[in-house]
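> Everything in the sequence shown is counted per our numbering, starting at 1 for the first residue and increasing by one. In this text, a Cβ means the ideal position worked out from N, Cα and C, and glycines have one as well. The model shown is predicted, which means the values in this text are computed figures rather than measured ones. Before I ask anything, let me first share the structure, which is written out below as structure tokens.
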Amino acid sequence: MDNSSKQQVLSKIRFLEDQLVSLDHYLPETYDYLMRELDIQKRILAELEVQETFAAIDQGCQ
């Protein structure tokens, strides 16, 4: 797995979480958008972590 990809996703997650903390000036639609984006980024992170684990398993089997 490309560690820079994982770091990019983690940076996006941190950014979105920071935005959610300061929600007092956001409209409900903006909150919904931020939550959707956060879910997407967390799914991408999980996918990268699974790929990393599978790659390690595959290397161990060879």
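Look up Tyr26 in the DSSP assignment and say whether it is helix, strand or coil.
For the purposes of this step, residue 26 is identified with residue 26 of the sequence shown, where counting begins at 1. If DSSP states are grouped into helix, strand and coil, Tyr26 belongs with coil.
> Need the endpoints of the alpha helix (DSSP H) that Asp18 sits in, please.
The residue given as residue 18 occupies position 18 in the sequence shown. Per DSSP, Asp18 belongs to the alpha helix (DSSP H) from Asn3 to Val21.
> Please report how far the alpha carbon of Ala56 lies from the alpha carbon of Asp2, in whole angstroms.
Taking the sequence shown and counting its residues from 1, one reaches residue 56 at position 56. Taking the sequence shown and counting its residues from 1, one reaches residue 2 at position 2. Approximately 13 Å, taken between the alpha carbons.
> Roughly how many whole angstroms lie between the Cα atoms of Leu34 and Leu20?
Here residue 34 refers to the residue found at position 34 of the sequence shown. Here residue 20 refers to the residue found at position 20 of the sequence shown. In a straight line, the C-alpha of Leu34 is about 7 Å away from that of Leu20.
> Whose CA, out of Tyr31, Leu27 and Ile44, lies closest to the CA of Lys12?
Counting from 1 along the sequence shown, the entry for residue 12 is found at position 12. Per the Cα distances, Ile44.
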